[in-house]
Amino acid sequence: MPEQKIIFKGIPASPGIVKGEVKIVKSFDDTLKINGEIIVTSFLTPDFVNLIKRNSKIKGIITKNGGITCHAAIVAREYKIPYIAGVGEATEKLKNNMTVILDGGKGIIYETS
Amino acid sequence: MGGKELFMKLHKFLKIESIEEIRKYKLLHPATIFIFDFNKQKKEVDAFLRNKNFVTIRTDKKNNLYFCPCDLRCPRSRARQSIKEFISKGYVVILQRYIPIRKDRKVSGNILILKNYILVELMGKGPLTWLNRNGKIEEQIKFKKRNLKEIEHFGKRLIKRGELTDILKLVKNVPNYKILEFTLMTEGYYFWQIKNDETAKKLE
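Chains as they are written, first to last, in my numbering: chain Y, 1 to 113; chain E, 114 to 317.
Dropping the structure here:
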C-alpha cells in the first residue's frame, strides 16, 4: 500500500482491499440507509449478518469486537466483503463520511489523503 | 428405527452431523441424544432426564447451522414441555448434559484448522454463543501446526499455554478448514460441534 497513513490495526477477518466512505451503524435502522459504504459498528449481531446476506451494497466492514471464527466473519468471507474485526476504537474515532482504505487481508485501515 | 432410516432422517441436520463427527474423531462431548419425535422417544427422554437437575436443549433445522434457538440451562421440570414446543416448531432437539456456564468453566472457544496453522479464539466464562454471535473474543493465538509453536498472540492470557496445546494435540490431524467449538472445564474439555469453513482458505 503506497504512502498511506495507518489509522488502525485489527484482526484480518476477510481479505480484500476497498476504499470507501465510513458509515457508523449504531442500530438496525441505520443499516437500511447503507449504499456502498464501509460500515463501522460494535459487532455484527445475527440481524446484521442477515443484512449482509441481503444487502450487496456493503463495501467493507469494521467492528470493535469479533474475530476470525465468529459467524459474522464467516459470512463476510462467503460474500467476499473485506472485514477487519477487533478494532477497539473504531466506533469512537472513525466518523461518518470519512474516506478510508480497508485492507482486510492485513487488518489495516489507512487514512486517505 | 434402523440405522439407515435414522441416518436419512437426520441427514442435512448440520449440528447433529457435526456431533457425529466429534464422535468420529473420538473427542469428548457431553452426553447427548437427538429427539425428532417426542412421543416415540418419550422413554428415551425420561431416562436421559433422570437424576439431572438441569439439561441443555439445543435445536437444529435442515441446512441451518446458525441461529437455531436453545435453552442452555433448562430445569428438568420444564424440559419435556420445551422439547415438545421446539419440535412443534419444526426443530430437531439436541438434548445434552448441562455443563455449567460459569462454575468450573475455564475458557470456551473455537479452533480453526488451517493448512499450516491452527488459530484459536477464546473467551472466559459464559456461553460460547457470546463469542460466535456477539464477537466476545478475549484472546486470539496462532500456532504453527507442525510443532504447535505460538507465532502470534492478541489479548490477555486466559489459560496456561500447556493446557491449550494438550487440546490442540488432539485435533491437529482433523482435516483443514474446520472450526471446532470447545469448552475447557476444571474437570476436562468438551467439544460442542465441528463446522466446515471453506471460506477459511482465503486466510491462507
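No residue lacks a Cβ here, since even glycine has one placed at the ideal position from N, Cα and C. As the structure is a prediction and not an experimental result, all values here were calculated from the model.
Proximal chain Y residues relative to residue i, where beta-carbon distance stays under 9 angstroms
i               : result
G239 of chain E : Under the 9 angstroms cutoff, chain Y gives no residues; its nearest Cβ is about 14 angstroms from G239 of chain E.
L225 of chain E : I68, T69
I135 of chain E : The premise fails here: I135 of chain E is roughly 17 angstroms from chain Y at the closest Cβ pair, so nothing lies under 9 angstroms.
Residue i versus residue j: straight-line alpha-carbon distance, rounded
i               : j               : result
I292 of chain E : D310 of chain E : 7 angstroms
Y303 of chain E : K19 of chain Y  : 43 angstroms
W243 of chain E : K249 of chain E : 6 angstroms
G203 of chain E : D150 of chain E : 10 angstroms
I61 of chain Y  : K156 of chain E : 49 angstroms
P12 of chain Y  : E21 of chain Y  : 19 angstroms
K80 of chain Y  : Y230 of chain E : 22 angstroms
K57 of chain Y  : I38 of chain Y  : 9 angstroms
T91 of chain Y  : G66 of chain Y  : 13 angstroms
I132 of chain E : I6 of chain Y   : 43 angstroms
E134 of chain E : V100 of chain Y : 43 angstroms
I24 of chain Y  : T63 of chain Y  : 10 angstroms
M98 of chain Y  : E78 of chain Y  : 27 angstroms
I68 of chain Y  : M236 of chain E : 13 angstroms
K262 of chain E : T278 of chain E : 9 angstroms
L102 of chain Y : G10 of chain Y  : 11 angstroms
K93 of chain Y  : K238 of chain E : 30 angstroms
I200 of chain E : R259 of chain E : 44 angstroms
E265 of chain E : N152 of chain E : 51 angstroms
L225 of chain E : K59 of chain Y  : 26 angstroms
Y138 of chain E : F8 of chain Y   : 40 angstroms
Q194 of chain E : N166 of chain E : 15 angstroms
I254 of chain E : A313 of chain E : 16 angstroms
L185 of chain E : V87 of chain Y  : 30 angstroms
Proximal residues of chain Y, C-beta to C-beta of residue i below 7 angstroms
i               : result
Q253 of chain E : I11, G67
R246 of chain E : T45, P46, H71
E234 of chain E : G67, I68, T69
F180 of chain E : P46
I307 of chain E : Per Cβ cutoff of 7 angstroms: no residues; I307 of chain E is ~12 angstroms from chain Y at best.
I129 of chain E : What I129 of chain E touches in chain Y: nothing, since even the nearest Cβ is about 19 angstroms away.
Of the residues the options, the one placed nearest residue i, counting alpha carbons only
i               : options                        : result
P240 of chain E : E:L227, E:G222, E:K257         : E:G222
L318 of chain E : E:N247, E:L244, E:P143, E:L227 : For chain E, the structure presents residues 114 to 317; residue 318 of chain E sits outside this window and is missing.
N50 of chain Y  : Y:I6, Y:L32, Y:I109, Y:A85     : Y:L32
N164 of chain E : E:S201, E:S190, E:Y230         : E:S190
K26 of chain Y  : Y:K9, Y:G16, Y:F48             : Y:F48
E252 of chain E : Y:K57, Y:A85, Y:E92            : Y:A85
V205 of chain E : E:K269, E:E133, E:I129         : E:I129
Q306 of chain E : E:A313, E:K314, E:F295         : E:F295
F174 of chain Y : Y:I101, Y:S42, Y:D103          : Shown here, chain Y extends from 1 to 113; a query on residue 174 of chain Y therefore has no answer.
P82 of chain Y  : Y:K9, Y:F8, Y:I17, Y:K5        : Y:I17
K315 of chain E : Y:Q4, Y:G10, Y:P15             : Y:P15
D217 of chain E : E:T299, E:K125, E:L227, E:L127 : E:T299
V275 of chain E : E:F256, E:I214, E:I226         : With the sequence shown as reference, residue 275 of chain E is identified as Gly, and Val is not the correct amino acid for it. With distances taken between Cα atoms, G275 of chain E lies closest to E:F256.
L162 of chain E : E:C187, E:T172, E:K174         : E:C187
R215 of chain E : E:L127, E:L297, E:K308         : E:L297
L127 of chain E : E:A313, E:T312, E:K308         : E:K308
Per-residue contacts from residue i into chain Y (C-beta, under 8 angstroms)
i               : result
D159 of chain E : Chain Y residues near D159 of chain E: none, gap ~34 angstroms exceeds 8 angstroms.
I212 of chain E : Result: empty, since nearest Cβ-Cβ is about 20 angstroms, beyond 8 angstroms.
Under 8 angstroms by beta carbon: chain E residues contacting residue i
i              : result
P15 of chain Y : K315, L316
R54 of chain Y : In chain order: nothing, as chain E lies at least about 15 angstroms away.
Proximal chain E residues relative to residue i, where beta-carbon distance stays under 9 angstroms
i              : result
G88 of chain Y : Within chain E, no residue comes near G88 of chain Y; the closest Cβ sits about 11 angstroms away, beyond 9 angstroms.
Partners in chain E for residue i, counting only beta-carbon separations shorter than 7 angstroms
i              : result
T63 of chain Y : G248
I74 of chain Y : D310, T312
E78 of chain Y : T312
Which of helix, strand or coil DSSP assigns to residue i
i               : result
R218 of chain E : strand
T145 of chain E : strand
I272 of chain E : coil
S42 of chain Y  : coil
V168 of chain E : strand
L32 of chain Y  : coil
F267 of chain E : strand
D150 of chain E : coil
T63 of chain Y  : strand
T296 of chain E : strand
K95 of chain Y  : coil
V284 of chain E : helix
L316 of chain E : helix
N223 of chain E : strand
E130 of chain E : helix
E251 of chain E : coil
K174 of chain E : strand
I58 of chain Y  : coil
Q4 of chain Y   : coil
Using a Cβ distance threshold of 8 angstroms, determine whether the segment 278–289 of chain E contacts the segment 103–113 of chain Y, with at least three qualifying pairs required. no
Please list the residues of the segment 259–286 of chain E that have a C-beta atom closer than 8 angstroms to any C-beta atom in chain A, keeping them in chain order. Among the protein chains in the structure shown, which are Y and E, there is no chain A.
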